[in-house]
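Here the protein sequences line up with chains A and B, keeping their order. Here the first sequence stands for residues 459 to 1072, numbered as in the numbering used here. Here the second sequence stands for residues 90 to 183, numbered as in the numbering used here.
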Amino acid sequence: MIMEYPQKKRAGKREEMAFEGDMMPPLSVALIGNPNCGKTTLFNALTGEERKVGNWPGVTVDCGTAAAYFGDRVIEFADLPGIYSLDFSMSEEQETKEWIHSGRADVAVNVIDASVPERSLYLTQELLKEKIPVVVALNRMDAAESAGIFIDIKKLSEELGNIPVIAVWPREKRGLGELSESAVSVSSHPRGKNPNTDIEDIILKCVTRNKEESRREKLLDELTLHPVWGVLFFACVMAIVFFAAFGAGNIFRGLLGTAFSGFLDILRSGLCEAGVYTWLISLLIDGVGTGVGSVLAFIPVLAVLFVLLAVLEDSGYMSRTAYVMNGALRFAGLSGRGCLPLLLGFGCTVPAVMAARIMETCRARRRVILMAPYMSCSARLPVYVMLAGVFFPERSAITVFSLYMLGAGVAAVLGRFSSCICRESREDWLLLEIPPLRLPDIRTVCKNVRQRMEDYIFKAGTVIFAGSLLLWVLLNFGPSGFGAEIQESYAAVLGRFLSPLLAPAGLDRWRIAAALLTGLAAKEMIVSGVYVLYGTGGLCDSRELLTALISDGFGAASALSMAVFCLLYPPCMAAMGVIWRETHSVRSFFSALFVHLAVAWGASVLVYQLCIRF
Amino acid sequence: MTLYEGETGKSYRIHSIVTKEELAARLRALGIREHATTVILSRRKKGAMIISIKGTRMALGRKIAEGIRIREEESDDHGIPAKETGRQKRRNGI
């Protein structure tokens, strides 16, 4: 039989696929294994899907399904969160247990990391006690071989009661057809009778080791896990990520911004010559063009940030940060595990809130959800870059860096405050596997970066586009109808209504209030809002924007206060939606909203008042 | 003695796991079981530690390490003290 890859068929079409012609009903196959054993990589290879992968335990926190054809049979694969044992489970593991116990899956493919066979076989033994037919997929054979571990596949199959044991290489798409064939065959003829239950004995019979740990690996381990050097190494890594994204990305941003505003100028003169309506030109160029363009100009900054985050995720360093930061996070009432979702928060708050599922307790999870939005996400970076570039061009890098630190500091204080309210003991219950360091896989990094960039560009084309349109309408329509003076527009009315509230923070300009309001849709909107509201066409001309802002009475103290407000006020709608979904609680949602608003207002007032006094 | 009291670089054999049943089951699933040999790779003062067990590295918090009772590995037939054996084992990546 021939297995065709990739075959993208969404699980939602399962019903109609099942009854096409004389097809047999779809076979439901669950991929189950320890965290970080490569289930999602295998799932992506089997189905042609593009679920996120990474080299740390807990990347997958929800179940994903997709179907593929095997000959004329439809197989629906389910990628489940990693699990160590079926006896007990943490929040993200519950779903995996349900799949096995409720009979939703017809066959379980037990994915085993061949480089750590001892630990993986514990789950295999448990699965063999269940009623479900089992196939073992031996993954990471190359990693095992380079670590000097060799597994006798035939012997292992015998020891496990003659169940199929298939070696797979998902990246090279090898062994996949054989795996599917075995899954189909065991579904009708279950095997696994009288398996050997002594794991030590199985290992003794089937596994040979003949290599010492390399000197380089040992040195890297000692450096990254050392009590002192490990922390310094972490600080260096974070500094490199930040300054590379800021420095290198910013150079290209200037070039892209200049090119884009040049393009808009040509478009404007072209449209004028063609005799297009003035209002349409204003809508296209001043509304949509400037709005979307100002967001797209930040692509280089974010590309550098995304590449570095992807490299960190795939190298296996993320878990080490959990250990290194364990002591610091205990201050906030969390174990080191909290470091993983919080670091993701520097990319985007949405995955960070989702990743909070890896926390041990419900309370810790809620605390991470409360703290994650304070990890300044990549969408806020353009706002800081814009403000710092205009008001503190000499010290822009250090200004932006301080804002990141302030966000992390506020998160830590809030975590501590929440753990004090809950009267939790700050005992250290960290339990986390540390995967070996490896060179990041270039394809995984590229895929990861591509997905994040696509999300960003998609957002520019949808949310930012719609936001820019709305803003244009609010700016050009007023109580007196279309063509109203900008001071009489709806945006001005709305901004004036809000600005007294922001007066103690030095943000009592209706334009700024309106821009901050649009930031609730997406943080990048603040940048496009400021450019559109202050009517500066040159997307990267700091001087032009500075003149416009100064003439509006908006000085350096207000800029700093605005940056702090933008850092701390509620995250975008997408993030708030995920917080709602993940907490399942109206109280948590509204208390998070209230905390964000109160903290942002308080901090920006403090910053502004300090700045104007000293 | 407990794992928390162990020294960096030394090899120990796990004697028993004295903690909440659910956590003990989790530790066993992770390979931290009675009679298994483990080496302490790194530790932070009054804090978490990294151990090597069954070919993997695990980060353990203090509270968990305190629930794992261990015995020092006996010195081998050549009379090399246990400390040396521990380092040797660590070098071999066990």
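By construction, the Cβ of each residue, glycine as well, lies at the ideal position given by its N, Cα and C atoms.
Original post:
What residues of chain B sit near A:P685, judged by a beta carbon separation below 9 Å?
Top reply: Residue 685 of chain A sits at position 227 when you count from the first residue of the first sequence. What A:P685 touches in chain B: S131, R132, R133, K134 and G136.
Original post:
A:E882 to A:R649, Cα distance in whole Å?
Top reply: Counted from its first residue, the first sequence places residue 882 of chain A at position 424. Counted from its first residue, the first sequence places residue 649 of chain A at position 191. Cα-Cα distance, rounded: 48 Å.
**OP:** Figure out for me which residue from A:L828, A:L839, A:V569 and A:A605 has the closest Cα to the Cα of A:H1054.
**Re:** Here residue 1054 of chain A is taken as the residue at index 596 of the first sequence, counted from 1. Checked all of A:L828, A:L839, A:V569 and A:A605; the closest Cα to A:H1054 is A:L828.
Original post:
Of all the options B:T108, B:G98 and B:G144, which has the alpha carbon lying nearest to the alpha carbon of B:R151?
Top reply: Translated into the one-based positions of the second sequence, residue 151 of chain B becomes position 62. Cα-wise, what sits closest to B:R151 is B:T108.
**OP:** With DSSP as the reference, label B:M147 as helix, strand or coil.
**Re:** Your numbering for residue 147 of chain B matches position 58 in the second sequence. Correct three-state label for B:M147: strand.
**OP:** Starting from A:I892, find everything on chain B with Cβ-Cβ shorter than 8 Å and list it in chain order.
**Re:** Numbered from 1 along the first sequence, position 434 holds the residue referred to as residue 892 of chain A. Simply I139, T145, R146, M147 and A148.
Subject >> Within 7 Å of chain B by C-beta, residues of the stretch 765-783 of chain A in sequence order >> reply: A780 and Y781
Original post:
So what does DSSP say about A:R577, is it helix, strand or coil?
Top reply: Locating residue 577 of chain A in the first sequence gives position 119, where the first residue counts as 1. Three-state result, A:R577: helix.
Subject >> Top-ranked residue by Cα proximity to A:P628, from A:R874, A:V665 and A:L500 >> reply: Here residue 628 of chain A is taken as the residue at index 170 of the first sequence, counted from 1. Answer by Cα proximity: A:L500.
**OP:** List the residues of chain A that B:I153 touches, going by C-beta distances under 8 Å, in chain order.
**Re:** For the purposes of this step, residue 153 of chain B is identified with residue 64 of the second sequence, where counting begins at 1. Correct list: D886, W887, L888 and L889.
Original post:
By the criterion of Cβ-Cβ separation under 9 Å, what are the contact partners of B:L92 in chain A?
Top reply: Residue 92 of chain B sits at position 3 when you count from the first residue of the second sequence. Neighbours of B:L92 on chain A: none; closest Cβ ~12 Å, over 9 Å.
Original post:
Looking at A:F535 and A:C554, is the spacing between their C-beta atoms short of 8 Å?
Top reply: Within the first sequence, numbered from 1, the residue matching residue 554 of chain A stands at position 96. Within the first sequence, numbered from 1, the residue matching residue 535 of chain A stands at position 77. Per the sequence shown, the amino acid found at residue 554 of chain A is Thr instead of Cys. In this structure, A:F535 does not lie closer than 8 Å to A:T554 by Cβ.
Original post:
Can you tell me where the alpha helix (DSSP H) with A:Y781 in it begins and where it stops?
Top reply: As a working note, residue 781 of chain A is residue 323 in the first sequence. Start and end: Y775 to V782.
Subject >> Interface flag, A:Y914 vs chain C, CB-CB below 8 Å >> reply: Here chain C cannot be found, since the structure's protein chains are A and B.
Subject >> A:W968 and A:A950 closer than 8 Å at C-beta >> reply: Position 510 of the first sequence, counted from the start, is the residue given in the question as residue 968 of chain A. Position 492 of the first sequence, counted from the start, is the residue given in the question as residue 950 of chain A. Going by C-beta atoms, A:W968 is nearer than 8 Å to A:A950.
Original post:
Shortest alpha-carbon distance to A:L1064 belongs to which of A:A1015, A:V567 and A:C1030?
Top reply: Numbered from 1 along the first sequence, position 606 holds the residue referred to as residue 1064 of chain A. Ranking the options by Cα distance to A:L1064, first place goes to A:A1015.
**OP:** Would you mind giving the Cβ-Cβ distance between A:M844 and A:V985, rounded to the nearest angstrom? I have them listed as a contact below 8 Å.
**Re:** As a position in the first sequence, residue 844 of chain A is number 386, starting the count at 1. As a position in the first sequence, residue 985 of chain A is number 527, starting the count at 1. That pair is a contact at about 5 Å.
Original post:
Shorter than 8 Å from the beta carbon of A:R881 to some beta carbon of chain B?
Top reply: To locate residue 881 of chain A, count along the first sequence from 1; it is residue 423. No, A:R881 lies away from the interface with chain B (no Cβ there is under 8 Å from its Cβ).
Original post:
Buried or exposed: where does A:S836 fall if 16 or more other Cβ atoms within 10 Å of its Cβ makes it buried?
Top reply: As a first step, residue 836 of chain A must be located in the first sequence, where it is residue number 378. Result: buried.
Original post:
What do you get for A:V734, buried or exposed, if any count of 16 or more other CB atoms within 10 angstroms of its CB means buried?
Top reply: As a position in the first sequence, residue 734 of chain A is number 276, starting the count at 1. A:V734 is exposed by the Cβ-count criterion.
Original post:
Per DSSP, what kind of secondary structure is A:W887 in: helix, strand or coil?
Top reply: Position 429 of the first sequence holds residue 887 of chain A. Looking at A:W887 - three-state DSSP - the assignment turns out to be coil, as it is neither helix nor strand.
Subject >> Check whether A:V826 and A:L792 have beta carbons under 8 Å apart >> reply: The count along the first sequence starts at 1 and reaches residue 826 of chain A at position 368. The count along the first sequence starts at 1 and reaches residue 792 of chain A at position 334. It is a contact, given that the beta carbons lie within the stated cut-off.
Subject >> Partner residues on chain B for A:V574, Cβ-Cβ distance less than 9 Å >> reply: One-based indexing of the first sequence puts residue 574 of chain A at position 116. Per Cβ cutoff of 9 Å: G120, K143, G144 and T145.
Original post:
Which one or two residues does DSSP pair with A:N597 in a beta bridge?
Top reply: Stepping through the first sequence from its first residue, residue 597 of chain A is reached at position 139. DSSP, once it has assigned bridges, lists A:D571 as partnering A:N597.
Subject >> Range of the contiguous alpha helix (DSSP H) that encloses A:R531 >> reply: For the purposes of this step, residue 531 of chain A is identified with residue 73 of the first sequence, where counting begins at 1. Premise fails: A:R531 lies in the beta strand (DSSP E), R531 to D537, not in any alpha helix (DSSP H).
Original post:
Which whole-angstrom value is the C-beta distance of A:S777 and A:P539, which I expect to be below 8 Å?
Top reply: The count along the first sequence starts at 1 and reaches residue 777 of chain A at position 319. The count along the first sequence starts at 1 and reaches residue 539 of chain A at position 81. 16 Å between Cβ atoms; not a contact.
Original post:
Under 8 Å between C-beta atoms, does B:R115 make it to chain A?
Top reply: Residue numbering aside, residue 115 of chain B sits at position 26 when the second sequence is read from its first letter. True, the Cβ-Cβ gap to chain A drops below 8 Å.
Subject >> Supposed contact pair A:P894 and A:G774 - C-beta distance, whole angstroms, cut 8 Å >> reply: Mapped onto the first sequence, residue 774 of chain A falls at position 316. Mapped onto the first sequence, residue 894 of chain A falls at position 436. Contact flag correct, Cβ pair sits at about 6 Å.
Subject >> Helix, strand or coil at A:I661 according to DSSP, with G and I counted as helix >> reply: Here the question's residue 661 of chain A lines up with position 203 in the first sequence. If DSSP states are grouped into helix, strand and coil, A:I661 belongs with the helices.
**OP:** Going by DSSP, name the residue or residues bridged to A:F608.
**Re:** Taking the first residue of the first sequence as 1, we reach residue 608 of chain A at position 150. A:F608 is bridged to A:T666.
Original post:
How should A:A732 be labelled, buried or exposed, when 16 other C-beta atoms within 10 angstroms of its C-beta is the threshold for buried?
Top reply: On the first sequence, position 274 is the one that residue 732 of chain A refers to. It counts as exposed.
**OP:** Evaluate A:L530 with the Cβ neighbour count: other Cβ atoms within 10 Å of its Cβ, from every protein chain shown; 16 or more gives buried, anything less gives exposed.
**Re:** Residue numbering aside, residue 530 of chain A sits at position 72 when the first sequence is read from its first letter. The sequence shown places Asp at residue 530 of chain A, rather than the Leu named in the question. A:D530 is exposed by the Cβ-count criterion.
Original post:
Does the Cβ of B:I129 have 16 or more other Cβ atoms within 10 Å, making it buried, or fewer, making it exposed?
Top reply: Counting from one through the second sequence, the residue named residue 129 of chain B turns up at place 40. Buried, because 16 or more other Cβ atoms sit within 10 Å of the Cβ of B:I129.
**OP:** Determine the contact status of A:G749 and A:L722, defining contact as a CB-CB distance below 8 Å.
**Re:** The sequence position of residue 749 of chain A within the first sequence is 291, counting from 1. The sequence position of residue 722 of chain A within the first sequence is 264, counting from 1. No; because the gap between Cβ atoms is not below 8 Å, this pair is not in contact.
Original post:
Since B:A154 and B:Y93 are thought to touch, with beta carbons under 8 Å apart, how far apart are those beta carbons, to the nearest angstrom?
Top reply: Walking along the second sequence from the start, residue 154 of chain B turns up at place 65. Walking along the second sequence from the start, residue 93 of chain B turns up at place 4. At roughly 4 Å, the Cβ-Cβ gap stays under 8 Å, so B:A154 and B:Y93 are in contact.
Original post:
Would A:S877 count as contacting chain B if we go by Cβ distances under 8 Å?
Top reply: On the first sequence, position 419 is the one that residue 877 of chain A refers to. With 8 Å as the cut-off, A:S877 does not count as an interface residue toward chain B.
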